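Chains as they are written, first to last, in the working numbering: chain A, 1 to 209; chain B, 1001 to 1323.
We put the beta carbon where it would ideally sit given N, CA and C, even for glycine.
This structure is a prediction, so every number in the text was calculated from the model and none was measured.
Note sheet for the following structure.
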Amino acid sequence: MKTPIFKNCFWGVLPVLLLIFAAGLVYSAKGGVVQIYKNATAPFDDEKQVDAALSLPIPSVLVTERYQGGRFRTETRKDKMQRFSCSQCHNNKPVRVAQAAEIAHGEIVLNHGSEARPLSCYTCHKKDERDFLVTEEGTKIDMDHSYQMCGQCHFRQKKDWVGGAHGKRISYWTGERVVKNCTGCHDPHSPRFKKRWPVIYSPPLSKSK
Amino acid sequence: MDPRKNKICQKPQEKDCQQTKPNGRREFLKGAARVAAFGGAAMLAGCGGGMLGSKEELSLRWKEYFKKHYRLMTPEEKDATVQRLEQLAKIKNNVNIQMSSAPPIEGVLFGYAFNVTRCEGYMECVAACVKENNLDRKSNMQYIRIFEMEHGQMTPEVGNAKFYHQVPVEDHFYMGVQCNHCQNAPCVAACPTKATWQEPDGIVVVDYDWCIGCRYCIAACPYYGRRFNWNDPVVPKDEMTKKQHYLGNRMRGRGQMEKCTFCVQRSRAGRLPACVEACPTGARVFGNLLDPDSEIRFVLKHKKVFRWKEDLATDPKFWYFVD
């Protein structure tokens, strides 16, 4: 007595289930661009596909972090600093220089951190390690890898920078990923962007707007 | 008036005038007919430009006039038309351009993300776009509009795009608007001549030579992404971007529609669009949606994203995100 009822139910429900399944399939195929990119899971072989010369002429270093596609590079910092290395002057020996006042970092304006607890020079630079940055834990950090220093406090931004939501990629969307370092856009001593005039203005789109 | 035109038109006239004097009415009519035919031919050949150029230019223009729609051309025909356009640019404006008709890259679907929190309204992107895409300097055409919006405003339609003061302003955010490259683009559906379509890599492009200037697409686009040339675009010769693409930044004419093409001449060569490269705050992210390792995929996976007017089902490939 039990089995026929079950069988009847089964044959009644099966087509409905199939219909729902088919509708689901159709819907997922028509899910638009979101579904299209979610379906794409195979890594893109850019060396095979893009036959452009994709070697950047700028010097870069390999970042110690890994992002979802593996290793990536960031632009160097040390070769852009005017008077590196610092221990040329800061070496506990008397130094004789002309215009000492001008080159003794008089131009640096420190505007970093909250008003209540601003950072000082010695938050990042230490007296005994002039050529390196030193973290709160006491780890020496190369100037080229300053993101490790910034990431101590700005860990959320660093996470985004490693992934690609913060910061700026240099020149190419494909090929080896080379991004700007923190110091490429922000002045580390006063990191907030300055207020300035826009470089161009927009004409009105129509008379009414 | 072109001196050459004078010569060609007047030569037969002078000859006929000499003949008509002794022979009377019949000869005069013959001559007049000949002149009229000549003038008509000259008018036909010079249509569009209005000026009669050299013989070479004439033949190039003739072939250009009767070329096919870009999507119906074979690769050889594309190469030929690109060559003709390069020669014409040399003859007409004395500029050496390098035009390409690079096809879409396989396995690529371009996507774009705009960080609403990071944009500060410096407008560097707009300036770079104008320069890269050879936009009309006379009418001040721009593809990108940056809207200054107060916190809490939800759509750029209530924002201010005409700001000109020092930026950023406190308690405001900036939202860039350009072509959204919809997967289900209303402008493509509206075009009566199929002059606009979506390429396999997701870029919505215009074949300028097939555009009849009806502007239906402007009316159809909910994102104000299209621009119309009411006059011939004016670009100073030394400011012109020489690396061009047939579907991208080549010179348009009067009565033709144009739009953002994600800088097709750059993106198909692996480079970033001019706006992304120019952005000083890194608010713009561009990449391949089909590559799971790309930056744009990271943004879509890990950040709070939204699309403007998503309820219209246009399915844009242009996301906005907040930090």
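Quiz item: What does R1227 of chain B pair with, by DSSP beta-bridge criteria?
Solution: DSSP lists B:E1258 as partners of R1227 of chain B.
Quiz item: Applying the criterion that 16 or more other CB atoms from any shown protein chain within 10 Å of the CB defines a buried residue, is V13 of chain A buried or exposed?
Solution: It counts as exposed.
Exercise. Verify the CB distance criterion: does I36 of chain A have a CB-CB separation below 8 Å to chain B?
Key: Chain B, which has a Cβ nearer than 8 Å to the Cβ of I36 of chain A, makes this yes.
Quiz item: Comparing the C-beta of F132 of chain A with each C-beta of chain B, is any distance below 8 Å?
Solution: Taking a beta-carbon distance threshold of 8 Å, F132 of chain A does not count as an interface residue toward chain B.
Exercise. Using a cut-off of 7 Å between C-beta atoms, extract the partners of H166 of chain A located in chain C.
Key: Note that chain C does not occur in the displayed structure, where the protein chains are A and B.
Quiz item: Buried or exposed: which applies to G1049 of chain B, given that a residue is buried once 16 or more other Cβ atoms fall within 10 Å of its Cβ?
Solution: Caution applies to G1049 of chain B, whose pLDDT of 48 falls short of 50 and renders its modelled position unreliable; the value that the coordinates give is listed next. With fewer than 16 Cβ atoms within 10 Å of its Cβ, G1049 of chain B is classed as exposed.
Quiz prompt | Within-8 Å CB hit, G1159 of chain B to chain A | solution = G1159 of chain B does not count as touching chain A.
Quiz item: Alpha carbon to alpha carbon, what distance is there between E1086 of chain B and E1077 of chain B?
Solution: Across the structure, E1077 of chain B and E1086 of chain B are spaced so that their CA atoms are roughly 14 Å apart.
Quiz prompt | Residues of its chain near L1290 of chain B, where Cβ-Cβ distance is below 7 Å and the 5 sequence neighbours each way are ignored | solution = Around L1290 of chain B: G1107, V1108, L1109.
Quiz item: Leaving out five residues before and five after Y1164 of chain B in sequence, what residues of the same chain have Cβ atoms less than 7 Å from its Cβ?
Solution: Contacts found: none.
Practice problem: State the beta-bridge partners of S1100 of chain B as determined by DSSP. | Solution: DSSP lists B:H1245 as partners of S1100 of chain B.
Quiz item: Between S60 of chain A and Q1098 of chain B, what straight-line distance do the alpha-carbon atoms span, to the nearest angstrom?
Solution: Distance between the alpha carbons of S60 of chain A and Q1098 of chain B: 31 Å.
Quiz item: Name the DSSP bridge partner or partners of V1177 of chain B?
Solution: In the DSSP assignment, V1177 of chain B is bridged to B:R1145.
Quiz prompt | Spatial neighbours of Y1208 of chain B in its chain, beta-carbon cut-off 6 Å, leaving aside the 5 residues before and after | solution = Cβ neighbours of Y1208 of chain B beyond the five flanking positions: R1252, Q1256.
Quiz item: Under a Cβ-count criterion, where at least 16 other Cβ atoms within 10 Å of its own Cβ denotes burial, should A1189 of chain B be classed as buried or exposed?
Solution: By the 10 Å Cβ count, A1189 of chain B comes out exposed.
Self-check item: Beta-ladder partner(s) of L133 of chain A, from DSSP
Solution: Per DSSP, A:H125, A:I141.
Self-check item: Status (buried if at least 16 other CB within 10 Å, exposed otherwise) for R196 of chain A
Solution: Its Cβ having fewer than 16 others within 10 Å, R196 of chain A is exposed.
Exercise. Show which residues of chain B have a CB atom less than 7 Å away from the CB atom of Y201 of chain A.
Key: Close partners of Y201 of chain A in chain B (Cβ separation under 7 Å): Y1164.
Exercise. Taking 8 Å as the cut-off, decide whether the C-beta atoms of D160 of chain A and R77 of chain A are in contact.
Key: Cβ atoms of D160 of chain A and R77 of chain A: not closer than 8 Å.
Quiz item: Given a limit of 8 Å on CB to CB distance, which residues of the stretch 1098 to 1109 of chain B reach chain A?
Solution: Here the close residues are I1105, E1106, G1107, V1108, L1109.
Quiz item: Taking one C-beta from the stretch 1150 to 1158 of chain B and one from the stretch 1183 to 1199 of chain B each time, how about it: are there three or more such pairs within less than 8 Å?
Solution: As far as the Cβ criterion goes, the stretch 1150 to 1158 of chain B does not touch the stretch 1183 to 1199 of chain B, which means the pair count is below three.
Self-check item: Of the residues B:F1066, B:P1222, B:A1080, the one placed nearest R1307 of chain B, counting alpha carbons only
Solution: Out of B:F1066, B:P1222, B:A1080, the CA that lies nearest to the CA of R1307 of chain B is found in B:P1222.
Quiz item: Taking 8 Å as the CB-CB cut-off, is C1221 of chain B touching chain A?
Solution: Nearest CB-CB separation between C1221 of chain B and chain A: not below the 8 Å threshold.
Quiz item: Of the residues A:H189, A:F193, A:P203, which one's Cα is nearest the Cα of E107 of chain A?
Solution: Each of A:H189, A:F193, A:P203 was checked against the Cα of E107 of chain A, and the nearest Cα belongs to A:H189.
Exercise. For D1136 of chain B, count neighbouring C-beta atoms within 10 Å of its own C-beta (all shown protein chains included) and say buried if the count is 16 or more, exposed if not.
Key: Buried, since its Cβ has 16 or more Cβ neighbours within 10 Å.
Exercise. Pull up the distance between the alpha-carbon of M1154 of chain B and that of C1182 of chain B, whole angstroms please.
Key: In this structure, the alpha-carbon of M1154 of chain B lies about 20 Å from that of C1182 of chain B.
Practice problem: Could I get the ranges of all uninterrupted alpha helix (DSSP H) runs contained in the stretch 1190 to 1239 of chain B, with 4 residues as the minimum, in chain order? | Solution: The stretch 1190 to 1239 of chain B is shown to contain whole alpha helix (DSSP H) runs of 4 or more residues at 1216 to 1220, in chain order.
Exercise. Return no unless some Cβ of chain A is closer than 8 Å to the Cβ of P1156 of chain B.
Key: By this cut-off, P1156 of chain B is not an interface position.
Quiz item: Three-state secondary structure (DSSP) at S60 of chain A?
Solution: S60 of chain A: strand per DSSP, three-state reduction.
Self-check item: Reduced DSSP secondary structure (H/G/I, E/B, other) of H1172 of chain B
Solution: H1172 of chain B: strand per DSSP, three-state reduction.
Quiz item: Are the C-beta of Y172 of chain A and some C-beta of chain B separated by less than 8 Å?
Solution: Yes - at least one Cβ of chain B is within 8 Å of the one on Y172 of chain A.
Quiz item: Using a beta-carbon distance below 8 Å, is G211 of chain A in contact with chain B?
Solution: Residue 211 of chain A is absent from the structure shown; chain A starts at 1 and stops at 209.
Exercise. For C1263 of chain B, count neighbouring Cβ atoms within 10 angstroms of its own Cβ and tell me buried if that reaches 16, exposed if not.
Key: Buried.
Quiz item: In this structure, does DSSP put T183 of chain A in helix, strand or coil?
Solution: Note: T183 of chain A maps to helix in three-state DSSP.
Quiz item: Which same chain residues, not among the five before or five after C86 of chain A, have their C-beta less than 7 Å away from its C-beta?
Solution: By the criterion of a C-beta distance shorter than 7 Å, C86 of chain A is surrounded in its chain by R130, D131, once the five residues flanking it on both sides are discounted.
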